[in-house]
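J.: If you're matching positions, the sequence shown starts at 1 in the numbering used here and goes up one per residue. By construction, the Cβ of each residue, glycine as well, lies at the ideal position given by its N, Cα and C atoms. None of the values given here were measured: they were computed from a predicted structure.
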Amino acid sequence: MSLSRYAAAPYWFMVLPAAGLLLIFYIQPLLSVLWVGFTETDARAKGLAFGNYELLFTDPAVQRIFWNTARIGCITTVLTVLGGYLVAYAMTRASAREQRWMLGCVLLPFWLSVLVRGFAWLMLLGRNGLLNQALLGAGWIDDPLILMRNETGVMIGMVHYMMPYAVLPLLANMQGIDKRLELAARGLGAGPGQAFRRVFLPLSLPGVVGAGVLVFVLSLGFFIIPALLGGGKVVMIAEYIDVAIQQTLRWGLATMMAGSLLAAVFLVLLVVSRIVDIRQVFGAR
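1) Using the Cα positions of residue 123 and residue 72, report the straight-line distance between them to the nearest angstrom.
2) Following a CB-centred definition, is residue 180 positioned closer than 7 Å to any heavy atom of the ligand ATP?
3) With DSSP as the reference, label residue 235 as helix, strand or coil.
4) Enumerate in chain order the residues of its own chain whose CB-to-CB distance from residue 68 is below 8 Å, with the five nearest sequence positions on each side excluded.
5) Following the continuous alpha helix (DSSP H) through residue 161, name the residue where it begins and the one where it ends.
6) In three-state DSSP terms, what is residue 40?
7) In the DSSP assignment, find the unbroken alpha helix (DSSP H) run with residue 99 in it and report its ends.
8) Compute the distance between the beta-carbons of residue 84 and residue 166, then report whether it is under 8 Å.
9) Rounded to the nearest angstrom, what separates residue 20 and residue 267 at their Cα positions?
10) Let me know if residue 119 comes out buried or exposed under the rule of 16 or more other beta-carbons within 10 Å of its beta-carbon.
11) Going by alpha carbons, who is nearest to residue 112 out of 51, 160 and 193?
12) Output the residue ranges of the alpha helix (DSSP H) runs that lie fully inside the region 189-277 and measure 4 residues or longer, sorted by chain position.
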């Protein structure tokens, strides 16, 4: 027994340096920042304990920011997962050569900065942008569409940015589904639609859940796309934190919102882990 304990000791010593670096350079700064939310208060948040966190229940502006973030994140997640599912399904049915081209198109946005993509959408969605000019030229609309400085523009930009994060987990899950199962269902008399609904779709649900969790968690912390395409009219938590730190200097409020956002992410993961095996969702065996 003692020999096995000493035999396992070197593995723990190998982990200790990484754990120490994580503690010093991540955990401790994170706790220090979160502590500010309990100590820095202003006239709107009385007391030194939970004054800032009371604003979650008493301040309509703070509640509106959280509601906007959750609502936009949910809509973005649904649209992204639906689009990503269609793309991933088409890729599984394509030839090897077509898959490589499609995968290259999916990965291409990763090579571009999110700031560049945000400005590109400004050029496309503006009143004099390419999209409005094309629709006006075709005679489909009489006046330019308002696609910026509103939720429509923000969601377009977020869905575009998030699409690869949905396609890749879905594609990995779908490629692991045995195609012979659908063939067996077809051989037993099921039509294409019935074979998809009864066989392929249930087997692909772990990929749907994984893609949805990943997209939703990332959507909660979005900053650049809402700031550019929202034009100050669609404010999410990350942008509000930036304003609170750099302009209004309400550090306690900013760290409270950051801590609440972190808690929301952990809560989402906890709920998902109660419903499905989180390891299976993210591809672990």
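T.: The short version:
1) To locate residue 123, count along the sequence shown from 1; it is residue 123. To locate residue 72, count along the sequence shown from 1; it is residue 72. Whole-angstrom Cα-Cα distance: 22 Å.
2) Looking for the ligand ATP in the displayed structure turns up nothing, as the structure carries no ligands at all.
3) Here residue 235 is taken as the residue at index 235 of the sequence shown, counted from 1. Reduced to three states, the DSSP call for residue 235 is coil.
4) In the sequence shown, the residue the question calls residue 68 occupies position 68. Hits under 8 Å: 234, 235 and 236.
5) Position 161 of the sequence shown, counted from the start, is the residue given in the question as residue 161. Per DSSP, the continuous alpha helix (DSSP H) segment holding residue 161 begins and ends at 151-175.
6) To locate residue 40, count along the sequence shown from 1; it is residue 40. Assigned with DSSP and collapsed to three states, residue 40 falls in coil, not helix or strand.
7) Here residue 99 refers to the residue found at position 99 of the sequence shown. For residue 99, the enclosing alpha helix (DSSP H) has its first and last residue at 96-107.
8) Residue numbering aside, residue 84 sits at position 84 when the sequence shown is read from its first letter. Residue numbering aside, residue 166 sits at position 166 when the sequence shown is read from its first letter. The Cβ-Cβ distance between residue 84 and residue 166 falls below 8 Å.
9) Here residue 20 is taken as the residue at index 20 of the sequence shown, counted from 1. Here residue 267 is taken as the residue at index 267 of the sequence shown, counted from 1. Their backbone Cα atoms lie some 26 Å apart in a straight line.
10) The residue given as residue 119 occupies position 119 in the sequence shown. Looking at its Cβ environment, which holds fewer than 16 other Cβ atoms inside 10 Å, residue 119 is exposed.
11) Residue mapping note: residue 112 aligns to position 112 of the sequence shown, counting from 1. Answer by Cα proximity: 160.
12) Fully enclosed alpha helix (DSSP H) runs of no fewer than 4 residues occupy 192-195, 201-220, 224-230, 237-246 and 251-275 of the region 189-277, in order along the chain.
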